[in-house]
Structures are given as C-alpha cells and as structure tokens.
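This report concerns only the one structure given below.
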Amino acid sequence: MKIGTSTAIIISLTAVIASIIGYDALVTYRDIKENKKIIGNLNKTREEMEKEIKETRIKIRKIQTDPRAAEAILRQKFQMLKKDQFIVND
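For the sequence shown, the residue numbers in the numbering used here are 5 to 94.
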C-alpha cells in the first residue's frame, strides 16, 4: 500500500501538533505542581503571621490593663531591666 505525499504531510503535521500539545500539557502540569507548593508555603506563612498578630494584640491588651505586664515584657523581650530592678508607677 502506497502512501501519497499529501497523506505523509498530514501525518507528519499531526505528529508535530500532537508532540507540541503533549509537551505543553507536561509543562502546564509541572507549573501547576510548583504553584501548589508555593501556595502551600504562602498559606503556612499567612497562618504564622496571623498567629503572631494575635499574640501581639493579646500582649497589647495586657500592657494596657496590667502595668506589671509591661515590666515583664521589658525584662524578658528587650532585656532593659535586670531581675532586681523594678518600674515604679506613680
């Protein structure tokens, strides 16, 4: 059975197009997989930031309501006071 020139060209073009589509599908799949990892990392970072914001708000409320909390935070976090030093509130 003989294959005509036009049939061979059509088969070749079909093979090239199929190869391009296959390559594009593989690249797209790889990019989606990478983007899912990035989105996961962003969500994790966002959750950590929200937790830090919540903790900071709690500390702010404590400082506003309890003067001893300010002393403890200065001592622990910023090491501005020694353990034998105190803040005197007038």
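Yeah, the Cβ is synthetic: ideal placement off N, Cα and C, and Gly gets one too.
(message) Rounded to the nearest angstrom, what separates residue 80 and residue 35 at their Cα positions?
(response) Here residue 80 refers to the residue found at position 76 when the sequence shown is read from its first residue. Here residue 35 refers to the residue found at position 31 when the sequence shown is read from its first residue. Looking at the two C-alpha atoms, the distance is approximately 46 Å.
(request) Assign residue 63 to one of three DSSP states: helix, strand, or coil. (result) For the purposes of this step, residue 63 is taken as the residue at position 59 of the sequence shown. Of the three classes helix, strand and coil, the one that applies to residue 63 here is helix, per DSSP.
(message) Beta-carbon within less than 6 Å of residue 94's beta-carbon, same chain only, minus the 5 sequence neighbours each way: which residues are those?
(response) Translated into positions along the sequence shown, residue 94 becomes position 90. Per-residue confidence for residue 94 stands at a pLDDT of 49, beneath the threshold of 50, marking its modelled position as unreliable; the derived number appears in the next sentence. No residues qualify anywhere along the chain.
(request) Pick helix, strand or coil for residue 94, following the three-state DSSP scheme. (result) As a first step, residue 94 is located in the sequence shown; it is residue number 90 there, counting from the start. Any answer about residue 94 is weak, because its pLDDT of 49 lies below 50 and its placement is not dependable; what the coordinates show is given next. Three-state result, residue 94: coil.
(message) Judging by CA-CA distance, which residue of 72, 77, 46 and 42 is the nearest neighbour of residue 59?
(response) To locate residue 59, count along the sequence shown from 1; it is residue 55. The shortest Cα separation from residue 59 among 72, 77, 46 and 42 belongs to 77.
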